[in-house]
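Working notes for the structure below.
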Amino acid sequence: MSSTQNETRNATRNATRNATGKVLIIGGGIGGLAAALALARQGIRVELLEQAEQIGEIGAGIQLAANAFAALDALGVGEAARGRTVFTDFLSLRDAVDTSVIAQVDVGQAYRERFGNPYGVIHRVDIHLSILEAVQDHPLITMRTSTRVQQLLQDEHGVTVIDQHGEHHRGDAVIGCDGVKSAIRQALIGDEARVTGHVVYRAVVDVANMPQDLQVNAPVVWAGPHCHLVHYPLRGGQQYNLVVTFHSREQETWGVREGSKEEVLSYFDGIHPLPHQMLDRPTSWKRWATADRDPVERWSFGRATLLGDAAHPMTQYVAQGACQALEDAVTLGAAVKAADGDYAAAFKRYEQARIPRTARVLYAARDMGRVYHAKGVDRLVRNSLWTGRTQAQFYDALQWLHGWRADQCLSATPWL
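With the working numbering as the guide, the letters of the sequence shown map in order to residues 177 to 592.
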């Protein structure tokens, strides 16, 4: 057993002996599990309610920047996550029309030295499992599935949520980690998600079915007019994650469904044959109509707060959705610890640290979507501005985003 595992088990035993109160967490995705673990490690009992029949993940690969590993380490699951991660050599942005290299960022040793952690890619199921294993092992966390929260009530002593069966669940506080269509957000804020009109197709293929000239140990983004394509290895290089995004011609509503090869091929006529060949490889695609929300000035109300996509859903263009949820969880745990049982004060401090940062990340994602999808003269300007930048310039530009540290998580200023 490693020293990290021993430290984690000792901390768990100490927290169990001194357990106080109970917090309800709504949603068992990456953010919900991370929040449960962050609170349990502070000695707080957690009841996690998940609407699905089983706690699990769908999707394909995700990217984990240095800030995500800093958060995973703070949660005690960094070692488990690293064991399932493919550590990449560089990030590459290429022109999907003429295949020229627009930008390339070294994420090897120099990146680790600058940011203190690696850059990697991982299957969403595997990062979820890395956190779930720790949650299942923690005696202060209980999980209930097939429980869809429909109503939230608050009083001066605590909160009550009511599920689809009319059953009441009582706690000292509640954290809404229930995604873009969050029931807790609807109860607290009542706003609507902004459907972007951008559609994402995702698939995973075996390495044997991946074009050999696209097999590189890196996330490669092919930027095209009103579209882009991404590929990178997963699971020890035995699989490849394929992601393509386009501006839909249809009136979209947020959600996930099976994709159509005919539809995806219809949006990439102007793309060079080199990246275009990846479109024929998957036997099936999952189709996401994407959405985000405009930032809000507050997402905590009394003993209730939000986390992850429930708080700040964002588009995928800076690969930070899961990373920001992990940061949220660590910051939430630190705020609760500092507030000594005053959940309203803890949640206020948590959102003061997180709202400015997540708003900047959200806006950066929107901006990067425009950069990726530039056409005509805008494409030429993009290429000329990005080509020739030094590694130091790229690292400086990423410092605010990838340089996040858990020991300074309650201060918003360094991360703006």
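The beta-carbon is built from N, C-alpha and C at its ideal position, and this holds for glycine as well.
- Residue pairing of Gln-415 in beta bridges, as defined by DSSP: Asp-382 and Leu-410.
- The residue among Ala-279, Ala-349, Trp-475 and Val-262 with its C-alpha nearest the C-alpha of Gly-366 is Trp-475.
- In the structure shown, His-404 falls within a strand segment according to DSSP collapsed to helix, strand and coil.
- Under the three-state reduction of DSSP, Leu-240 is assigned to strand.
- Runs of alpha helix (DSSP H) with 4 or more residues, each lying fully within the region 202 to 243, are found at 206 to 216, listed in chain order.
- Within 10 angstroms of the beta-carbon of Gln-492 lie 16 or more other beta-carbons, which makes it buried.
- Straight through space, the alpha carbons of Arg-288 and Ile-231 are spaced by roughly 33 angstroms.
- In the three-state scheme derived from DSSP, where H, G and I count as helix and E and B as strand, Met-319 is classed as strand.
- Assigned with DSSP and collapsed to three states, Ser-268 falls in strand.
- For Asp-572, the enclosing alpha helix (DSSP H) covers residues 567 to 578.
- Annotation for Ser-306: Val-253, Ala-256, Ala-257 and Arg-260 place their beta carbon closer than 7 angstroms to its own, counting only its chain and skipping 5 residues before and after.
- Distance from Leu-200 to His-345 at the Cβ level is roughly 6 angstroms; contact confirmed, criterion being Cβ atoms closer than 8 angstroms.
- Thr-421 has Val-376 and His-404 as its beta-bridge partners, per DSSP.
- Between the alpha carbons of Val-440 and Leu-455 lies a distance of about 8 angstroms.
- By the CB criterion at 7 angstroms, His-374 and Thr-429 fall outside the cutoff.
- About 7 angstroms separates the beta carbons of Arg-479 and Asp-348, which is inside the 8 angstroms limit, making them a contact pair.
- Along the length of the region 453 to 530, whole alpha helix (DSSP H) runs at least 4 residues long occupy 497 to 515, reported in chain order.
- Sixteen is the threshold: since fewer than 16 other Cβ atoms of the shown chains lie within 10 Å of the Cβ of Asn-385, the residue is exposed.
- About 7 angstroms separates the CB atoms of Val-506 and Leu-251; that is less than 8 angstroms, so the two are in contact.
- By the criterion of at least three beta-carbon pairs nearer than 8 angstroms, the region 382 to 397 is not in contact with the region 323 to 339.
- Here the alpha carbons of Ala-515 and Ala-522 stand approximately 5 angstroms from one another.
- Judged by beta-carbon spacing, Asp-339 lies within the 7 angstroms limit of Arg-324, meaning their Cβ atoms are closer than that value.
- Contact annotation: Phe-263 and Asn-293 have beta-carbon atoms that are not nearer than 7 angstroms.
- The alpha-carbon separation between Arg-525 and Arg-542 amounts to approximately 27 angstroms.
- In the three-state reduction of the DSSP assignment, Gln-340 falls in the coil class, being assigned neither a helical nor a strand state.
- Shown here for Gly-509: same chain residues with a beta carbon closer than 7 angstroms to its own, the five before and five after excluded, namely Ala-214, Leu-215, Arg-217 and Gln-218 in chain order.
- Leaving aside the five residues that flank His-452 on each side, the residues in its chain whose CB is nearer than 7 angstroms to its CB run, in chain order, Phe-444.
- In the same chain as Tyr-539, and ignoring 5 residues on each side of it, no C-beta atom comes closer than 6 angstroms to its own.
- By the C-beta density criterion, Gln-391 is exposed, having fewer than 16 other C-beta atoms within 10 angstroms.
- When DSSP states are grouped into helix, strand and coil, Trp-398 belongs to the strand group.
- Taken through DSSP and simplified to helix, strand or coil, Lys-198 comes out as strand.
- Thr-459 sits away from Gln-500, with the two beta carbons spaced by 7 angstroms or more.
- Excluding residues up to 5 positions away in sequence, Tyr-377, Arg-433 and Gly-435 lie with their Cβ nearer than 6 angstroms to the Cβ of Arg-463 in the same chain.
- Within the DSSP secondary-structure output, Val-297 pairs in a beta bridge with Gln-239 and Val-262.
- Taking His-448 as reference, the option from Ala-568, Glu-438, Arg-320 and Trp-398 with the minimal CA-CA separation is Trp-398.
- For His-345, the secondary structure class from DSSP, reduced to helix, strand or coil, is strand.
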